[in-house]
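Line by line, the protein sequences are chains B and A. Quick note on the numbering used here: the first sequence kicks off at 142 and runs consecutively. Quick note on the numbering used here: the second sequence kicks off at 142 and runs consecutively. Note that the Cβ used here is the ideal one computed from N, Cα and C, for glycine as well.
Number of protein chains: 2
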Amino acid sequence: MEQQFVDRMLALVRARLEADDLKGAIALIEALRPPDQADVFGDLQPKQQEVLLSRLQVSDAADILEELEDEDAAELAGRLEMDALATILDEMEPDEAADLLGDLPPEQARIALEGMAEADEVRPLLKHPDESAGGLMTPELVTLRRWMTAEEAIAHIRSLAPDSETVYYVFVIDDDERLCGVVSLRQLIVADPTARIEEIMDPEVIRVHVDTDQEECARLMARYDLLALPVVDDDDHLVGLITVDDLVDVLEDEATEDIQRLGGAEPLDRPYLSTGVLTVAWKRIRWLLLLFVTETLTGTVLRHFKHELDTIVALAFFVPLLIGTGGNAGSQTTSTIIRALALREVDFRDFFRVVWHEIRAGVLLGVVMGAIAFGRALTWGTGTTMALAVSLSILVIVVWANGVGSVLPLLAAKLRIDPTVISGPFMSTLVDATGLFIYFTIAKLVLRI
Amino acid sequence: MEQQFVDRMLALVRARLEADDLKGAIALIEALRPPDQADVFGDLQPKQQEVLLSRLQVSDAADILEELEDEDAAELAGRLEMDALATILDEMEPDEAADLLGDLPPEQARIALEGMAEADEVRPLLKHPDESAGGLMTPELVTLRRWMTAEEAIAHIRSLAPDSETVYYVFVIDDDERLCGVVSLRQLIVADPTARIEEIMDPEVIRVHVDTDQEECARLMARYDLLALPVVDDDDHLVGLITVDDLVDVLEDEATEDIQRLGGAEPLDRPYLSTGVLTVAWKRIRWLLLLFVTETLTGTVLRHFKHELDTIVALAFFVPLLIGTGGNAGSQTTSTIIRALALREVDFRDFFRVVWHEIRAGVLLGVVMGAIAFGRALTWGTGTTMALAVSLSILVIVVWANGVGSVLPLLAAKLRIDPTVISGPFMSTLVDATGLFIYFTIAKLVLRI
């Protein structure tokens, strides 16, 4: 829906630029909301971007740099005059400015930072990794004291006139500057104007340390429906705030990572079409190779059963079917368990409950699939004993795949490896080799080869 | 972290209950935050839950029913006295109360609804499906008029004393009750007290219709960083509000659905360990069967090449390796494209760009993998021509898998089928059969069988 709108606006902006009507182009862009501005802007030519960015209102230029993908923003910022860049950086949210500075070449970042009026706000943020609470937080916050009245608190907030939406939770600090309470703006408005903050505030504040991982921050905010999460340092001093829009970005990024890893590829850092073919291939080749090496095990198993294959070539007909079904059953299990782990519905202590759950589900599935495979093998005219071997193999392989598919992600979580990494493709590769072994062993026994 | 805390609290509550100290147990539960209350509560025995729920403060009971999983909440509510249930429902957020009523047997829901004081707020919500904007929204909202001053607006909000966090965006309606603007509570506080609402408000309000799908609502809120999204009916009358905590739940649910579908299983509606083995198996069997039937194609292909297999049994050794690698390359592609589609980074109009991107990535990957396969086949002592056939097949299969892996999700999106449904397992099953055909055709040509 917005995509069509953005495409049409892009066409209009381009038409203005081609007619050398810079003012017209600027008016169009300034009429848009920031995410749409960034989308239109991102599709212009580099030269056009540079010209426009320096003519736009500084606040719009700041919004655009915030909304662009990190690498695109850094590339564009690197081409600007350092003075112009410093002015725009001053207008950006401090956490976004810090991220952008972190993506610039060190020398450029140093010069831009020196030119900034609000360098002091941004500098402490540069110390923290992007994916920690310290990297996500904004240091712009309004703090209250316990002895203030609700009326005084509102007047205080009004006098600071914060320009961001960080005021919906206001934090209270004690004489040692330690975080000691939280009030929502709603509570302040609704409260008796003469009530003291310490009477209204909730002293039990959920907080995170600057080093906390962003995924943990997001999980806390999602669990407790928080609009803002305070960040403290080693001495419990309030140093910043994570807002709900950051939470949403983190949730999306983490889901993207999980989904790409499930497919057996390193996550891409940028939108798909802006990622070069070489990078795409590079992100995948390591996994593809590792899986290839593991998969060569299947060849070893097959050569081990060369005699059986020589005797009955028809055994080979069922190989892809059997290992494919094992892989599918295993994928169903891993993807379910991985998600349950991510949502903290299960953890390693549920090991036996989970595995037992999956084994039973595997038996149910295996019996049904085995029965159907038996019928199918008969219609291929393979004879009853062969059909029996195939259907028994399906049963055992499905149960085995469910077991492996549940054990692997749980073990990974225990060893603090991201369970998605050893998931999908890795699990099916493992099930391929072991499944073949199960199949030929059963066939050997049933067919007495 | 919270899990350990919840477990310890659970042990304490159980100890109180065993000592027949109901008051002590209630005091412990009432000291917790709602999500923790629900976790502790959910692990108690049904009998204990009933006894406790009727003794807890109504607001705590309401929080617990809101936080429990839908089916658990419905089960528990169904066991309560209808009067007690009606009192608790009155205290719940109207959208949550409507969801719960929708999950009860119709006769019970009717009686409970009749007992409610706020039935009129909940009744309209029952008309909308859970997964639409109308099902997500809360009808509790504060509206302003354009001619009010900022001071009057704040006084109006204070006089209504809304008990939820829905006041951070306040919506303005015109004389025909149509939505005509939005102001944030921050703007009201910071504004000159005598300024009129129509001067402060943003008249360009992003809104959704009651029938809009929840995923679209979540996407709009995430894109534009909205804390609340207004919902309108056919006449553009403001009928409700979707808040950011609903957005977070939708994002998590949608990611769960995508991940489970990628694994080739219908999404579970409940937390993993509360889902019975039969349900787990049932959610999977349809896909497993469908894939099984598709996978029998591989047997057909193999039987078609029976002569070649009879001549050189060693051809079979490479079957799992080749189709496995094809499946892996295809999975990498589908999972990337599916995520790019979900984030709207690409759509069907990018068809040729995407496919071309993947084909080139496939050629890069295929050349590398083919070279390695050539070496590996030689060390297995298969002879140069056989090694050549294998490595050529790998190259073609990887390129083919990348192509299929990008075309399928794009086509699904075009046909408005959820791309995850035809993803992972389905794609690899398809690549298995076609990969075999490619392999044997190449082997036949190279080895002149």
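Opening and closing residue of the beta strand (DSSP E) in which residue i lies
i	result
Gly322/B	Leu320 to Ser325
Thr284/A	Thr284 to Arg286
Ile314/A	Tyr310 to Ile314
Contact list for residue i against chain A, beta-carbon separation under 8 Å
i	result
Ala584/B	The contacting residues do not exist; Ala584/B stays about 14 Å from chain A at best.
Arg494/B	Leu414
Proximity below 9 Å, CB of residue i to CB of residue j
i	j	result
Val442/A	Pro280/A	no
Val545/B	Met568/B	yes
Glu191/A	Leu226/A	no
Arg517/A	Thr523/B	no
Ala291/B	Asp244/B	no
Leu277/B	Val389/B	no
Ala514/A	Ala528/A	yes
Pro412/A	Glu272/A	no
Ala203/B	Ile167/B	no
Ile464/A	Asp387/A	no
Val147/B	Val199/B	no
Leu409/A	Thr477/B	yes
Leu429/A	Thr466/B	yes
Met223/B	Ile252/B	yes
Val331/A	Arg299/B	yes
Leu169/A	Met150/A	yes
Val508/A	Leu536/A	yes
Leu571/B	Thr384/B	no
Asn469/B	Leu432/A	yes
Gln473/A	Ala406/B	yes
Residue range of the unbroken alpha helix (DSSP H) whose run includes residue i
i	result
Val373/A	It is not in any alpha helix (DSSP H) - Val373/A instead sits in the beta strand (DSSP E) that spans Ala369 to Val373.
Ile478/A	Val460 to Ala483
Thr279/B	Neither: Thr279/B is in no alpha helix (DSSP H) and is coded neither H nor E.
Arg494/B	Phe492 to Thr520
Gln190/B	Pro187 to Arg196
Ala554/B	Thr525 to Lys555
Pro265/B	Per DSSP, Pro265/B belongs to no alpha helix (DSSP H) and is neither H nor E.
Pro176/B	Pro175 to Gly183
Asp204/A	Val199 to Glu208
Pro235/A	Pro235 to Asp244
Pro247/A	Pro247 to Gly256
Glu449/A	Lys447 to Thr452
Gly165/A	Leu163 to Glu171
Interface partners of residue i on chain B, CB under 8 Å
i	result
Trp521/A	Gly440 and Arg444
Pro560/A	Per Cβ cutoff of 8 Å: no residues; Pro560/A is ~11 Å from chain B at best.
Asp491/A	Leu414
Ser273/A	None at all; the shortest Cβ gap to chain B is about 16 Å.
His350/A	In chain order: nothing, as chain B lies at least about 12 Å away.
Phe182/A	The contacting residues do not exist; Phe182/A stays about 15 Å from chain B at best.
Those residues which DSSP pairs with residue i across a bridge
i	result
Arg337/A	Thr290/A
Leu623/A	Within the shown structure, residues of chain A are numbered from 142 to 590, placing residue 623/A beyond reach of any answer.
Ser273/A	Asp354/A
Asp224/A	In DSSP, Asp224/A forms no bridge with anything.
Glu343/B	The question names Glu, but residue 343/B is Asp in the sequence shown. Val323/B.
Val572/B	DSSP output for Val572/B lists no bridge partner at all.
Val349/B	Val372/B
Within chain A, partners of residue i - CB distance below 7 Å
i	result
Gln144/B	Arg485 and Asp488
Val308/B	Arg327
Closer than 7 Å at the beta carbon, the chain B residues around residue i
i	result
Met510/A	Leu429 and Phe433
Arg480/A	Thr397, Ile400 and Gln401
Ala422/A	Ala502, Leu505 and Leu506
Proximity test, residue i beta-carbon vs the ligand ADP heavy atom, cut-off 8 Å
i	result
Ala574/A	What this structure holds is no ligand at all, so the ligand ADP is not there to describe.
Per-residue contacts from residue i into chain A (C-beta, under 9 Å)
i	result
Asp315/B	Correct list: empty, because the minimum Cβ distance to chain A is about 22 Å.
Proximity test, Cβ basis, 9 Å: residue i and chain E
i	result
Thr279/A	Here chain E cannot be found, since the structure's protein chains are B and A.
Decide if the segment 337 to 353 of chain A is in contact with the segment 362 to 370 of chain A; the criterion is three or more beta carbon pairs, one per stretch, under 8 Å apart. The segment 337 to 353 of chain A, when compared against the segment 362 to 370 of chain A, does touch it at the 8 Å Cβ threshold.
The segment 264 to 283 of chain B contacting the segment 225 to 239 of chain B, beta-carbon criterion three pairs below 8 Å: A contact exists between the segment 264 to 283 of chain B and the segment 225 to 239 of chain B.
Mind the definition here: the segment 454 to 468 of chain B touches the segment 447 to 465 of chain A only if three or more C-beta pairs lie below 8 Å; say whether that holds. Verdict: yes, contact present.
Do three or more CB pairs link the segment 479 to 491 of chain B to the segment 421 to 432 of chain A at distances below 8 Å? With the cut-off at 8 Å, the segment 479 to 491 of chain B and the segment 421 to 432 of chain A do not touch.
Touch test, the segment 352 to 363 of chain B against the segment 325 to 341 of chain B, Cβ-Cβ under 8 Å, three pairs minimum: Under the 8 Å Cβ criterion, the segment 352 to 363 of chain B does not count as touching the segment 325 to 341 of chain B, having fewer than three qualifying pairs.
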